[in-house]
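In what follows, a single structure is set out as structure tokens and then discussed.
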Amino acid sequence: MFELTGFQRDLLYVIAGAERPSGQEIKEMISKDVGEVNHGRLYPNLDALVEQGYVNKGQHDRRTNFYEMSEKGRESILARREWEDQHVSFL
């Protein structure tokens, strides 16, 4: 997961916390925390997560895609949290 940008990691966490969100739903969720995110930033980063195998992409209908965690994505989040726990011991 170290090869991902911070924004891509944030997207991964948003997707992990939702049930097959659409791109628009992801945009709305992440915008609450990081400010307005435009399509030109969102979709290339979602595509990168799909290409790298962290996220699976499917279709709700002809116009709407959904995103869901892949096994690699789930394992990467668990490994990241273990790594964080090793380095943040004061909590």
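Residue 8 in the UniProt record's numbering sits at position 8 of the sequence shown, with consecutive numbering throughout. We put the beta carbon where it would ideally sit given N, CA and C, even for glycine.
Assuming N65 contacts S31 (C-beta within less than 8 Å), just tell me the rounded distance between them. Going by Cβ atoms, the distance from N65 to S31 rounds to 18 Å, so no, they are not a contact pair.
Among G35, I26, A16, P44, whose alpha-carbon lies nearest the alpha-carbon of T5? P44
Whose C-alpha, out of L11, F2, R20, Q52, is nearest the C-alpha of G58? R20
CB contact flag (residue 96, A16, <7 Å): In the structure as shown, the chain starts at 1 and stops at 91, and residue 96 therefore has no counterpart that could be examined.
Run through DSSP, which three-state label would G53 get? coil
Hey, how far is the Cα of Y67 from the Cα of V88? 30 Å
Among R63, I77, D85, E84, which has the Cα closest to the Cα of Q8? I77
Just the Cα atoms here: how many angstroms apart are E28 and D10? 13 Å
Can N38 be considered in contact with the ligand MG, in the sense that its beta carbon sits closer than 6 Å to one or more heavy atoms? For the ligand MG, the structure offers nothing, since it holds no ligand at all.
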